[in-house]
Amino acid sequence: MFAALDIGNSYIKIQLFSADKLINYYKFSHDEIGKISELFPISTAALSSVVPHITHKVIEIFKEINVLPFVISSEIKLNFKNLYKTPKTLGADRICNIAGAQTIGSTTKPKLVIDFGTATNLNYINENNEFLGGVISPGIATMKFSLLAKTSQLIDVEFDSSIVPLGKSTSECIQSGIIYSQKGLIQEFIKSLGINLNDLEIFITGGFSNVMNDYLEFNFIHENKLSLIGIKKLYELNN
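Right, here's the structure in full:
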């Protein structure tokens, strides 16, 4: 059995595969890392991580069953051309999301991959399968906690599908400011590309994609396992 692990800033996502069949999916907090040992038997594994000290702990768990996970980085063979000005600084999370979109998406259309996580990442791949760059912005939770940390009288808020631009209370104004900042960023970025929306294949993923999908006014493919699909593809390309 093959395990794809996506170690993010808040959670560890794990997808088990039997050949090309998706078997079981798990999501653990960093504090629950020990639960990984309960998922065996696993014969091969690959991981993407943005948290180095958690990476080390996960690798040690796998070593106990004589499995050395393949680690995703900018140094490996990719299923797209990395034309970033600083290619070695392209994060593993972005690499895997792009690889996932390349795996399940069109081979001829340009793509925009939007990851709504701790950060909101926009990644653009042109019709020649070349990654040209994108945007890294504070994510929904990051914006919220930054506001709460820097102001003494604002209150905590939740997010749902009913938020409107004109907030009529303090909590509604916070919700509106955050959600429509995200929406406006995406709209302006797409506009800057100068591409007809019908010619652009858009993917959304990440923990807050279930919130933002109600506010996006264009067609998109919603795939919360995009990074895990990418991890498996990159493992296959390199092994």
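Every letter in the sequence shown is one number past the one before it in my numbering, and letter 103, counting from 1, is 142.
Every residue gets a Cβ at the ideal spot worked out from N, C-alpha and C, and that includes glycine.
None of the values given here were measured: they were computed from a predicted structure.
Who are residue i's beta bridge partners in DSSP?
| i | result |
| --- | --- |
| F170 | N121, I164 |
| T159 | F155, S176 |
| Y65 | I53 |
| F41 | F56, T83 |
| I46 | I51, S88 |
| I260 | F242 |
Starting from the C-beta of residue i, find all residues in its chain whose C-beta is less than 8 Å away, skip the five residues before and the five after it, and write them out in chain order.
| i | result |
| --- | --- |
| L93 | It is worth fixing the name first, because residue 93 is Ile in this sequence and not Leu. Result list for I93: I46, I51, H69, I72, in chain order. |
| Q141 | N118, F119, K150, I164, N168, G269, K272 |
| V89 | I46, G47, N48, G130, A131, D132 |
| S210 | I194, V196 |
For residue i, collect the residues of the same chain with a Cβ closer than 7 Å to its Cβ; drop the 5 residues on either side in sequence, then sort them by chain order.
| i | result |
| --- | --- |
| Q221 | T159, I179, M251 |
| P204 | S215, Y219 |
| L187 | L193, D195 |
Rounded C-beta distance between residue i and residue j? I'm assuming under 8 Å.
| i | j | result |
| --- | --- | --- |
| G173 | N162 | 4 Å |
| I217 | K271 | Between K271 and I217 the Cβ distance is about 33 Å, and since that is not below 8 Å, they are no contact. |
| S57 | G139 | About 19 Å separates the two Cβ atoms, so there is no contact after all. |
| S113 | N121 | 7 Å |
| L276 | K116 | 5 Å |
If I measure Cβ to Cβ from residue i and keep anything under 6 Å in the same chain, skipping five residues before and after, which residues do I get?
| i | result |
| --- | --- |
| Y274 | A85, F109 |
| F247 | F155, I179 |
Chain B beta carbons: is any one of them nearer than 7 Å to that of residue i?
| i | result |
| --- | --- |
| V90 | Absent here is chain B; the protein component of the structure consists of one chain. |
Unbroken stretches of the alpha helix (DSSP H), 4 residues or longer, contained in the segment 86-152: 91-102, 131-143
The segment 93-104 contacting the segment 66-82, beta-carbon criterion three pairs below 8 Å: yes
Unbroken stretches of the alpha helix (DSSP H), 4 residues or longer, contained in the segment 194-248: 209-232
Stretch-stretch touch, CB-based, cutoff 8 Å, three pairs: the segment 137-156 with the segment 228-238: yes
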